[in-house]
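*Asks:* Quick one: the structure is below, and I'll ask about it shortly.
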Amino acid sequence: MNQFTTLEARIDAAAHAVLARLPRGRLADGLVEFVVFGLKQAWACLFGGLMLGMILVTRLWWPDIGLARYDAWFLAALLIQGAMLALRLETLSEAKVILIFHLVGTGMELFKTSAGSWIYPEDAIFRLSGVPLFSGFMYACVGSYMARIQRIFDITFTRYPPVWATVLLALAIYVNFFSHHFIFDFRWLLFAVLAILYFPSTMHYRVFRFRHRMPVLLAFLLVALFIWIAENIGTWSRAWIYPDQADGWTLVSWSKLGSWYLLMLISVVLVTLVHPPKAYEPVVD
Numbered sequence: 007m008n009q010f011t012t013l014e015a016r017i018d019a020a021a022h023a024v025l026a027r028l029p030r031g032r033l034a035d036g037l038v039e040f041v042v043f044g045l046k047q048a049w050a051c052l053f054g055g056l057m058l059g060m061i062l063v064t065r066l067w068w069p070d071i072g073l074a075r076y077d078a079w080f081l082a083a084l085l086i087q088g089a090m091l092a093l094r095l096e097t098l099s100e101a102k103v104i105l106i107f108h109l110v111g112t113g114m115e116l117f118k119t120s121a122g123s124w125i126y127p128e129d130a131i132f133r134l135s136g137v138p139l140f141s142g143f144m145y146a147c148v149g150s151y152m153a154r155i156q157r158i159f160d161i162t163f164t165r166y167p168p169v170w171a172t173v174l175l176a177l178a179i180y181v182n183f184f185s186h187h188f189i190f191d192f193r194w195l196l197f198a199v200l201a202i203l204y205f206p207s208t209m210h211y212r213v214f215r216f217r218h219r220m221p222v223l224l225a226f227l228l229v230a231l232f233i234w235i236a237e238n239i240g241t242w243s244r245a246w247i248y249p250d251q252a253d254g255w256t257l258v259s260w261s262k263l264g265s266w267y268l269l270m271l272i273s274v275v276l277v278t279l280v281h282p283p284k285a286y287e288p289v290v291d
């Protein structure tokens, strides 16, 4: 797997030419690593950031142009996805992951909206049943981030669990999102299995000059927290709402953080099927 696309390689070379001339020292190196970490995270979130920004802006101002917001978001998402491929901001392999997670998410949306778990309060032409088609792209945003971050940060692992075991766990998680409406909710058992599988694993990643490490379970929690924050922005913008938000916006339940933790793992597993996790090999920085 290449660390960068062609365009990203040129951007990286230009950034290195500038950053390499900065003063060295413990404080300076730490500041550079912090700034570059933020910039790389923003770059990895490009798809999601554009979508969330569009949702937020149209919540504050949307002209009467005879086009529903949901339809505008759907058309814009198609353009964004096409542009990212055309401009080589995204690889074809990553697009496969995004498409799969898009379909996985849309399937869950159709079921969950029919069960009343959440609703889309506005009209749309581009929709399936009660689900506007832009909604699948919100899952695609997560898939895009998970795929892009792996190569942008050159992520490697120590003691990564067997991929076959993670696939079975992801399947069980997906089934539970449906089955808990009819039988017992096994999410706590799924959390326990997830912890057992990933607790020994450490993620190693390069920012600029140095490689850093983080427990995989903590990395998953931070991603899930970020998605939960984005979901609060989405519900405040009335892109979708939960039943307790029908009469006015309230903070999304903290229980949804756990749901995103589990759902995000499905995206992680899909990425490993396209880009198998690389084993960490110590190097001298």
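Numbering of the sequence shown is given in our numbering, commencing with residue 7 and proceeding in unit increments.
Beta carbons are placed, not taken as given, at the ideal position from N, Cα and C, and that holds for glycine.
These numbers come from a predicted model, not from an experiment.
Starting from H1, trace the beta strand (DSSP E) both ways and give me its first and last residue.
*Replies:* Because the chain is modelled from 7 through 291, residue 1 falls outside the range shown and cannot be assessed.
*Asks:* Between H218 and V274, what straight-line distance do the alpha-carbon atoms span, to the nearest angstrom?
*Replies:* Near 20 Å, if we compare the C-alpha coordinates of V274 and H218.
*Asks:* When you compare only the Cα positions, how much space is there between A149 and M270?
*Replies:* For clarity, residue 149 is Gly in the given sequence; the question names Ala instead. Whole-angstrom Cα-Cα distance: 8 Å.
*Asks:* By the 10 Å Cβ neighbour count, where 16 or more other Cβ atoms means buried, how is F205 classified, buried or exposed?
*Replies:* F205 should be labelled exposed.
*Asks:* The alpha helix (DSSP H) with T162 in it runs from where to where?
*Replies:* That residue, T162, is in no alpha helix (DSSP H); its beta strand (DSSP E) goes 162-164.
*Asks:* Please state if the CB of I247 and the CB of P127 are separated by a distance shorter than 8 Å.
*Replies:* Against a cut-off of 8 Å, the Cβ pair of I247 and P127 comes out as a contact.
*Asks:* Under a three-way DSSP split, which group does V292 fall into?
*Replies:* Limits of the chain in this structure are 7 at one end and 291 at the other, which puts residue 292 out of reach.
*Asks:* Taking 8 Å as the threshold, find out whether the segment 136-152 comes into contact with the segment 96-113 through three or more Cβ pairs.
*Replies:* With the cut-off at 8 Å, the segment 136-152 and the segment 96-113 touch.
*Asks:* Reducing DSSP to helix, strand and coil, say where I125 ends up.
*Replies:* If DSSP states are grouped into helix, strand and coil, I125 belongs with the strands.
*Asks:* So, V229 versus E39, is the Cβ gap smaller than 8 Å?
*Replies:* Result no, Cβ atoms of V229 and E39 do not sit closer than 8 Å.
*Asks:* Let me check understanding here. Comparing Cα to Cα, which of L66, W68, G54 lies closest to L84?
*Replies:* L84 has its Cα closest to that of G54, out of L66, W68, G54.
*Asks:* With distances taken between CB atoms, is the gap from L175 to V137 smaller than 8 Å?
*Replies:* No, these two residues do not count as a Cβ contact at 8 Å.
*Asks:* Taking the alpha carbon of I233 as the point to measure from, which residue in M209, P249, S259, F216 has its own alpha carbon closest?
*Replies:* The shortest C-alpha separation from I233 is found at S259.
*Asks:* Determine the direct distance from the alpha carbon of Y151 to that of D291, and round the result to whole angstroms.
*Replies:* For D291, the pLDDT reaches just 48, beneath the cut-off of 50, and the residue's location in the model is therefore unreliable, although a value from the coordinates is still provided. Near 27 Å, if we compare the C-alpha coordinates of Y151 and D291.
*Asks:* Determine the burial state of W67: buried for a count of at least 16 other Cβ atoms within 10 Å of its Cβ, exposed for fewer.
*Replies:* When all chains shown are included, W67 counts as exposed.
*Asks:* Indicate the three-state DSSP secondary structure (helix, strand or coil) for H187 in the structure shown.
*Replies:* If DSSP states are grouped into helix, strand and coil, H187 belongs with coil.
*Asks:* Among the candidates T208, D77, L33, V181, whose CA atom is the shortest distance from the CA of T162?
*Replies:* Out of T208, D77, L33, V181, T208 has the C-alpha closest to the C-alpha of T162.
*Asks:* What span of residues does the alpha helix (DSSP H) with R65 cover, start to end?
*Replies:* Here the alpha helix (DSSP H) through R65 covers 52-66.
*Asks:* Between which two residues does the alpha helix (DSSP H) carrying Y204 extend?
*Replies:* Segment 193-204, the alpha helix (DSSP H) holding Y204.
*Asks:* Applying the 10 Å Cβ sphere with the 16-neighbour rule, what's the burial state of I292?
*Replies:* The chain is shown from 7 up to 291; residue 292 falls before or after that span and cannot be answered.
*Asks:* State the beta-bridge partners of T208 as determined by DSSP.
*Replies:* Partner(s): T164, P221.
*Asks:* If the criterion is Cβ atoms closer than 8 Å, does the pair I86 and A245 meet it?
*Replies:* Their beta carbons are not under 8 Å apart, which means I86 does not touch A245 by this criterion.
*Asks:* Could you tell me the alpha carbon to alpha carbon distance between T119 and N238, rounded to whole angstroms?
*Replies:* About 18 Å.
*Asks:* Express the C-alpha separation of L224 and I202 in angstroms, rounding to a whole number.
*Replies:* Computed Cα separation, rounded: 14 Å.
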